[in-house]
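Shown next as structure tokens:
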């Protein structure tokens with residue numbers, strides 16, 4: 008989603024075609040995913056106030072669910088992560104954030120729903136959600152400004168008619184289908200990017 012927003016900013020005439028639909032680890036078909044702030048189930052932490060002066064892990068600065076959305080969520084709660092937590096870690100991958108919490112090497116961290124489910128399967132349900140920091144649109148499919156309106160519409164209709172169990176299975180690995188949203192569906196990503204500066 009962040010790549011689409013960046014491209015649209017650089018090329019305003021870019022055509023939005025459709026949003027990818029995935030099946031999440033719960034088996035649900037969805038055109039978005041969620042970002043969470045997670046703690047160890049034995050920590051006793053019940054609120055963000057409990058995390059003051061604790062150790063916190065993000066993934067990396069340009070991660071939508073592992074940094075941007077949780078950082079904005081914290082800021083909206085009056086929390087500056089650099090001053091609020093005793094230590095901040097950038098662990099690069101969601102699996103590493105979850106493992107650090109499960110092994111109590113950090114007190115809390117930011118991740119997304121499927122990574123959390125994977126971690127709980129691996130670490131026997133040791134992680135719990137303290138807060139949901141945002142719902143994030145899935146990837147967008149777009150066409151360049153050089154593509155004709157006719158081709159844009161034909162490709163859009165082909166995407167919207169795609170189903171994972173169709174004869175087109177070999178064309179895509181992950182997507183289960185596509186949904187017609189709009190460019191405005193990605194406004195939340197634009198808001199987050201504008202409000203959370205990155206190095």
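Residue numbers (my numbering): 8 to 206.
Glycine included, C-beta positions come from ideal geometry on N, C-alpha and C.
Exercise. To the nearest whole angstrom, what separates the beta carbons of residue 8 and residue 144, a pair I think is in contact under 8 Å?
Worked result: 5 Å
Exercise. Using a threshold of 6 Å, is the CB atom of residue 111 nearer than that to any non-hydrogen atom of the ligand GTP?
Worked result: The ligand content of the structure shown is nil, which means the ligand GTP is not present either.
For this session: Give me the Cβ distance between residue 66 and residue 98, rounded to the nearest whole Å; I'm assuming they're in contact under 8 Å.
Result: 6 Å
Exercise. Just to confirm, are residue 127 and residue 137 a CB contact at a threshold of 7 Å?
Worked result: No, the Cβ-Cβ distance between residue 127 and residue 137 is not below 7 Å.
Problem set entry | residue 149 vs residue 23 beta-carbon contact at 7 Å | Taking 7 Å as the Cβ cut-off, residue 149 and residue 23 qualify as a contacting pair.
Exercise. Does the count of Cβ pairs from the stretch 54-62 and the stretch 97-116 closer than 8 Å reach three?
Worked result: yes
For this session: Would you check if the distance between the CB atom of residue 167 and the CB atom of residue 185 is smaller than 7 Å?
Result: yes
Exercise. Would residue 51 be called buried (16 or more neighbouring beta carbons within 10 Å of its own) or exposed?
Worked result: An exposed status is given to residue 51, since fewer than 16 other beta-carbon atoms sit within 10 Å of its beta-carbon.
Exercise. Are residue 79 and residue 199 closer than 7 Å when you measure CB to CB?
Worked result: yes
For this session: Classify residue 93 as helix, strand or coil using the three-state DSSP reduction.
Result: coil
Problem set entry | Integer Cβ distance of residue 88 from residue 140, believed to fall under 8 Å | Going by Cβ atoms, the distance from residue 88 to residue 140 rounds to 12 Å, so no, they are not a contact pair.
For this session: Grab the span of the alpha helix (DSSP H) containing residue 108 for me, first residue to last.
Result: 101-109
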